[in-house]
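One structure is given below, encoded as structure tokens.
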Amino acid sequence: MEFRQAIYRLYDEEHVSERKIAQMGLSPSTVHYWITRSGESATTKSGRPRVTDANIDQNLYEASRKDPF
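With full-length UniProt numbering applied, the sequence shown covers 1 to 69.
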């Protein structure tokens, strides 16, 4: 994670281009991804939000163990 932060710091504070950062041995698409996602939380997930809670999940798990089909 520190490496990603260093990449973002180079880009944001030192004004080093994505292309020059990628020349350090990283894929240009990886550099772009890290820079564009830098402001977002690492735990942010895209997609559909959860509908069940831990209790329902546990009940579903137990039911699937008893009768797997």
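Don't be surprised by glycine CBs; every beta carbon is placed ideally from N, CA and C.
In this text the structure is predicted, and so the values were computed from the model without any measurement.
Cβ neighbours of residue i in the same chain (closer than 8 Å, five flanking residues each side left out)
{"i": "Tyr8", "result": "Trp34, Ile35, Ser38"}
{"i": "residue 72", "result": "Only positions 1 to 69 of the chain appear in this structure, which leaves residue 72 out of reach."}
Contact check, residue i vs residue j, beta carbons under 8 Å
{"i": "Glu13", "j": "Val31", "result": "no"}
Cβ shell of residue i (< 7 Å), same chain only, five flanking positions each side left out
{"i": "Gln21", "result": "Residue identity differs from the one stated: residue 21 is Ile in this sequence, not Gln. Hits under 7 Å: Ile7, Leu10, Tyr11, Val31."}
{"i": "Arg4", "result": "Trp34"}
{"i": "Pro49", "result": "none"}
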